[in-house]
Amino acid sequence: MKSIVVIPTYNEIDNIENLIDAIHKSVPDTHILVVDDNSPDGTARRVQELMAHDSQLHLLWREKKMGLGTAYCAGFQYCLDNGFDIIMQMDADFSHDPQDLKKFLELISDYDLVIGSRYISGVNVVNWPLTRLLLSYGANIYSRIVTGLPLMDGTGGFKCFRADALKLINLKEIVSNGYSFQIEMNYRLWRMGARIKEMSIIFIDRRSGISKMNKKIIFEAMWMVWKLRFSFKLRNQLKKLRKIFLDKSNV
Ligand SMILES: Nc1nc2c(ncn2[C@@H]2O[C@H](COP(=O)(O)OP(=O)(O)O)[C@@H](O)[C@H]2O)c(=O)[nH]1
Ligand SMILES: [Mg+2]
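Written out as C-alpha cells, the structure reads:
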C-alpha cells in the first residue's frame, strides 16, 4: 500500500523542515506532498531544496493564496493521479503529532476514513485561548445539529482516507474552501455510506508562525452546513421524482 501525507502550507518556513523530518522518522515509507500557495516567506523554495535529496517529498507550488479547500483538492487529485492508496492530511504547524500517523495507517485497514478527533474523549486541546476552543466546540455542535453528521469533531484537519473512497467524491463539486471543507468531505463520505472512525488525538496550538483563521472562514462554515443539508435533500427528492416519472412512463 502506497501512502502519502498532504500538508497545505502558507508561511510555514519555521515549521516545514522539522515537520518533514519528524514524519519520515515516524512513518519512513510514507511520502509527503506539500501544497504551498506561493508563501512570501519562501516555504515552497525550501521544500524544493529538500526535494533534491528526498525522493519521497513532493510539491505543488501554486501561484497565489487560493484557500485551504482548493489546496486540499489539488493535493488529493495529485495523490490519486499518482497511484497512492492511503492519503492522509495534516497541518504544517505541529498541532498534529506525526507519531499519530502510525495509528492512522493501522486503523485505515478497517475504515474508509479515520478522523483525528479532539473531542471524542473529553477535550484534548492544549494552549488554545478559551474563545477559540468555544468557537471550535460550538461549531461542531452546530454542524452536528444542522447536518446530522454523527461526529464529535468534524472540523479538524488531521485525517486519513482510503483512496478508493476518495475516488467516489467528485473533487470538482466541492464548494467549501475554509474549515467547512473538512465538514463537507466528511458529510459527502458519510452520505455515501463510508465507514468512518474517530480516533482520539491531542491537538497542541502552534508555537511558530501565525494562524490563518479569520471571520470569513467562520461565516462560510455557518451557512455551508445548511447548504450541505438542503442540497443533499433536494438531490434526493429529485432522484425520487425522476424514479417515479420513469416508473410511470414504463407502464
Ligand atoms: N496552501 C494553503 N495552506 C493554507 C491556507 N490557509 C491555511 N493553510 C495551512 O493550513 C494549515 C492550518 O492553518 P492554521 O493557520 O494553522 O489554522 P489553525 O490551526 O486553525 O489556526 C496550516 O498548515 C496552514 O499553513 C491557504 O490558503 N493555502
Ligand atoms: Mg494551526
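With our numbering applied, the sequence shown covers 29 to 279. Cβ coordinates follow ideal geometry from the N, Cα and C atoms, glycine included. None of the values given here were measured: they were computed from a predicted structure.
Notebook entry, point to check: Taking Cβ positions, are ALA249 and TYR207 nearer each other than 7 Å?
Noted result: In contact: ALA249 and TYR207 (Cβ atoms closer than 7 Å).
Next item on the list: Go through the segment 67-108 residue by residue and report every complete run of the beta strand (DSSP E) that reaches 3 residues or more, in order.
Entry: Runs found: 85-89.
Check: Nearest chain E C-beta to ASN242 closer than 7 Å, yes or no?
Finding: No chain E is part of this structure, which consists of one protein chain only.
Check: Which same chain residues, not among the five before or five after PRO126, have their C-beta less than 6 Å away from its C-beta?
Finding: In the same chain as PRO126, and ignoring 5 residues on each side of it, the C-beta atoms closer than 6 Å to its own belong to ALA50, ILE51, SER54, in chain order.
Note to self: Checking the sheet assignment: what are the DSSP bridge partners for GLN117?
What the structure shows: According to DSSP, GLN117 bridges with VAL34, LYS187.
Next item on the list: Please name the residue in SER171, ARG270, HIS59, ASN168 whose C-alpha comes closest to that of ASN110.
Entry: Taking only the C-alpha atoms, the option nearest ASN110 is HIS59.
Check: If you measure from the CB of TYR106, is any heavy atom of ligand 1 nearer than 6 Å?
Finding: Remark: the shortest separation between the CB of TYR106 and any heavy atom of ligand 1 does not fall under 6 Å.
Check: Going by DSSP, which residues form a beta bridge with LYS225?
Finding: Its beta-bridge partners are VAL142.
Check: With distances taken between CB atoms, is the gap from TYR38 to SER67 smaller than 7 Å?
Finding: In this structure, TYR38 sits near SER67, with a CB-CB distance shorter than 7 Å.
Check: I think ARG172 touches LEU163, with their Cβ atoms under 8 Å apart; what is that distance to the nearest whole Å?
Finding: Not confirmed; about 15 Å, so no contact.
Item checked: Closer than 6 Å: TYR147 CB and nearest ligand 1 heavy atom -> Within the chosen limit of 6 Å, ligand 1 does not reach the beta carbon of TYR147 with any heavy atom.
Next item on the list: Quick one: residues in its chain with C-beta nearer than 7 Å to the C-beta of GLN84, no 5 flanking neighbours on either side, listed in chain order?
Entry: Cβ neighbours of GLN84 beyond the five flanking positions: HIS59, ILE60.
Next item on the list: Quick one: residues in its chain with C-beta nearer than 8 Å to the C-beta of LYS130, no 5 flanking neighbours on either side, listed in chain order?
Entry: Non-local C-beta neighbours of LYS130 in its own chain, meaning closer than 8 Å and more than five positions away in sequence, comprise SER54, VAL55, ordered along the chain.
Note to self: Distance check for LYS268 and ASP275, CA to CA, integer angstroms please.
What the structure shows: In a straight line, the C-alpha of ASP275 is about 10 Å away from that of LYS268.
Next item on the list: Name the two residues that bound the continuous alpha helix (DSSP H) containing LEU158.
Entry: Here the alpha helix (DSSP H) through LEU158 covers 158-175.
Margin query: Considering only the alpha carbon of each residue, which of ALA102, VAL75, ASP65, ASP57 lies closest to ILE44?
Written below: Closest by C-alpha distance to ILE44, out of ALA102, VAL75, ASP65, ASP57, is VAL75.
Check: In the structure shown, what three-state DSSP assignment does VAL253 receive?
Finding: Three-state DSSP puts VAL253 in a helix.
Check: My guess is that LEU217 and LEU141 are in contact by the Cβ rule of under 8 Å, so how many angstroms apart are they, rounded?
Finding: About 5 Å separates the CB atoms of LEU217 and LEU141; that is less than 8 Å, so the two are in contact.
Notebook entry, point to check: Going by the CB atoms, is the gap between GLY97 and VAL63 shorter than 7 Å?
Noted result: Contact flag unset, no.
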